[in-house]
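Residue numbers (my numbering), protein chains in the order written: chain A, 14 to 617; chain B, 57 to 171. Everything on this sheet refers to the single structure shown next.
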């Protein structure tokens, strides 16, 4: 037993205890969960400082810690405590609390196990357990979430089955179950198949395009901390961790497989952000963005050169931070307003200033505006794509254009969300209060991280976490070779200078009180019910010729793996369905008939 | 001949379980089937002109073995009757819960298992 085993076991065991604590003991579940998460974070920090470690049982290396896994592990622990702290504020008064906290802790433990596992079978076990706790956590949110939970279970569980098959093929080919074995070239058909199976599992966990469809549904129905914890942060960390492990160490990719990754990445960026543009529910909109951003990570890893991979991993970290922050902000809005429909929200900036600022910072970061962290990692992904283009070919222009265009569309859709939720006119008369301290602290910490990781991108996150992690598998060039002219601190100072000058000009303009008058609308009287919201910003896009057809298909769920799969399987089992009448005596008759046949066969 | 009668009794019970729609009638059919099985087991241990399998002090072991019936089926059937009582109580309580839930004893109405 060593520290790694304790890191995995502590949250699992305490989670099981929290699950069975009687409801009468108020505050115990919350306190115990917080302590468990804090202890786990402490362990992960200790592990991170310790560096390389191995746990051997019966001659097999079960747990293994290197720079990549310790980096992921640290952030899994960080998000665990941040989300549980937020839950204490958010979940107060909600039903099924002990199940909720219990499953949260079990998820934390299983995620630590999946990151630390060196044995493929052990990885499978933790991976499957994560799918189960994800299902249960969505299910906890109430009866309307059960459809989303079932969908999640089927999509994630189905790709888990693919992972099992992939592990079996790898074992057949190499005879070893270790994640860190010699690289398998993807030349033969079998190894290509195995790689695709592994990639599918990683895509489903992270939410890349063919297997994305559970994220928006889960985001819409589940409790906000659940969404911020699993689909937005920890599942991204794990999915991209697996993708990086698989495509960098387990397999040696040929250009064909690399092309597959690039296509998935670029397509995910564009398609998901186009869907996000037309959403009317804030959580669903954020869910589509959680899908879209995965495209950058897949694209970054698909470049297979150090800058691109570092950019992809850094973007994974940044995404977890700002998307977690965005979901938490939407949660505090939901707590006060009890709705997530953009049509009913508006004008909250005045009443919830801290939430607004945190949302603004995170929204700018996700849109890739300097000096926030999203810009740096996207910039690194772009550089990686350009670097790949030096080798020849012209396809890299397509990937670059997709990534940049996607970034612009992200900004566009966040303009809509910001305007509809925080600016614009308020639809109700009451004055909502700012969120409580337990909810504000994680939001503030996450949005501060957005700023710090952007301004001191090289000094803090890249030097400490990302580059050592990449350096494990690829040789990283010196910073001066690729940072180029981009100096975040100088850029930030220049931007601040610009903002200050703008502010001065604005203040100078308002020294004399300007005349304010209502907007002239041709003499019409504006009714009480007419308000300007951001919801219809992009309705023109939706009604354009080509896009309207595609959106129409998307609304009929023609692109959803889950619905396609359901149609397919229901087609094949329609005979069996007709037999299931639900009348028990008929089943009994079938059984008797079967018994008779057995007797005839066995006594012959 | 006797065995055919037992088989008939069993088949009557089976017919009731498969064909009847009322849960109470199905439970009664189950009891009939159970009785058929019990009678069958007792009949296996039947011995024409046999004595009760109670050994007296004065009796020689040989005469006891020659004359007494087999005690095993009877002990078995006693146990089976008690278990049958428990099973019947359980089915009836489930039937009551079903009636509370669906408001009917008709098994065609209770079809949440439909595919």
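For every residue, glycine included, the Cβ atom is placed at its ideal position computed from N, Cα and C. Bear in mind that the values here come from a model prediction, so they are computed numbers and not experimental data.
Buried/exposed call for residue i, threshold 16 Cβ in 10 Å
i, result
"residue 363 (chain A)", "exposed"
"residue 59 (chain A)", "exposed"
"residue 112 (chain B)", "exposed"
"residue 10 (chain A)", "Coverage of chain A is limited to positions 14 through 617, which leaves residue 10 (chain A) absent and any answer about it impossible."
"residue 298 (chain A)", "buried"
"residue 9 (chain A)", "This structure cannot speak to residue 9 (chain A), because chain A is shown only from 14 to 617."
"residue 77 (chain A)", "buried"
"residue 609 (chain A)", "exposed"
"residue 603 (chain A)", "exposed"
"residue 269 (chain A)", "exposed"
"residue 351 (chain A)", "exposed"
"residue 127 (chain B)", "exposed"
"residue 244 (chain A)", "buried"
"residue 272 (chain A)", "exposed"
"residue 582 (chain A)", "exposed"
"residue 442 (chain A)", "exposed"
"residue 392 (chain A)", "buried"
"residue 613 (chain A)", "exposed"
Chain A contact for residue i (CB, 8 Å cutoff)
i, result
"residue 73 (chain B)", "yes"
"residue 163 (chain B)", "yes"
"residue 168 (chain B)", "yes"
Contact under 8 Å by Cβ, residue i with residue j
i, j, result
"residue 370 (chain A)", "residue 433 (chain A)", "no"
"residue 259 (chain A)", "residue 224 (chain A)", "no"
"residue 99 (chain A)", "residue 451 (chain A)", "yes"
"residue 256 (chain A)", "residue 219 (chain A)", "yes"
"residue 83 (chain B)", "residue 144 (chain B)", "yes"
"residue 104 (chain A)", "residue 236 (chain A)", "yes"
"residue 153 (chain A)", "residue 221 (chain A)", "no"
"residue 275 (chain A)", "residue 315 (chain A)", "yes"
"residue 122 (chain A)", "residue 238 (chain A)", "no"
"residue 127 (chain A)", "residue 140 (chain A)", "yes"
"residue 90 (chain A)", "residue 146 (chain A)", "no"
"residue 95 (chain B)", "residue 109 (chain B)", "no"
"residue 246 (chain A)", "residue 168 (chain A)", "no"
"residue 165 (chain A)", "residue 302 (chain A)", "no"
"residue 390 (chain A)", "residue 328 (chain A)", "yes"
"residue 91 (chain B)", "residue 65 (chain B)", "yes"
"residue 296 (chain A)", "residue 353 (chain A)", "yes"
"residue 154 (chain B)", "residue 86 (chain B)", "no"
"residue 338 (chain A)", "residue 459 (chain A)", "yes"
"residue 27 (chain A)", "residue 45 (chain A)", "yes"
"residue 483 (chain A)", "residue 326 (chain A)", "yes"
"residue 101 (chain A)", "residue 157 (chain A)", "no"
"residue 397 (chain A)", "residue 313 (chain A)", "yes"
"residue 177 (chain A)", "residue 203 (chain A)", "no"
"residue 1 (chain A)", "residue 175 (chain A)", "Since the first residue shown for chain A is 14 and the last is 617, residue 1 (chain A) is missing from the structure and cannot be characterised."
"residue 324 (chain A)", "residue 279 (chain A)", "no"
"residue 133 (chain B)", "residue 97 (chain B)", "yes"
"residue 456 (chain A)", "residue 553 (chain A)", "no"
Closer than 7 Å: residue i CB and nearest the ligand GTP heavy atom
i, result
"residue 181 (chain A)", "Looking for the ligand GTP in the displayed structure turns up nothing, as the structure carries no ligands at all."
Practice problem: Mind checking the region 578-604 of chain A against chain B and listing, in chain order, the residues whose C-beta falls within less than 9 Å of any C-beta there? | Solution: 586, 589, 590, 591, 592, 593, 594, 595, 596, 597, 598, 599, 600, 601, 602
Next item on the list: Kindly provide the ranges of any alpha helix (DSSP H) runs that are 4 or more residues long and lie completely inside the region 203-253 of chain A, ordered along the chain.
Entry: 227-234, 237-242
Item to complete: Would you mind listing the beta strand (DSSP E) stretches within the region 293-335 of chain A that are 3+ residues and don't spill past its ends, in chain order?
Response: none
**Item:** Residue ranges of each alpha helix (DSSP H) within the region 103-175 of chain A, 4 or longer
**Value:** 110-129, 133-153
Curious, which full-length alpha helix (DSSP H) runs of at least 4 residues does the region 550-611 of chain A contain? 552-556, 558-568, 574-585, 587-592
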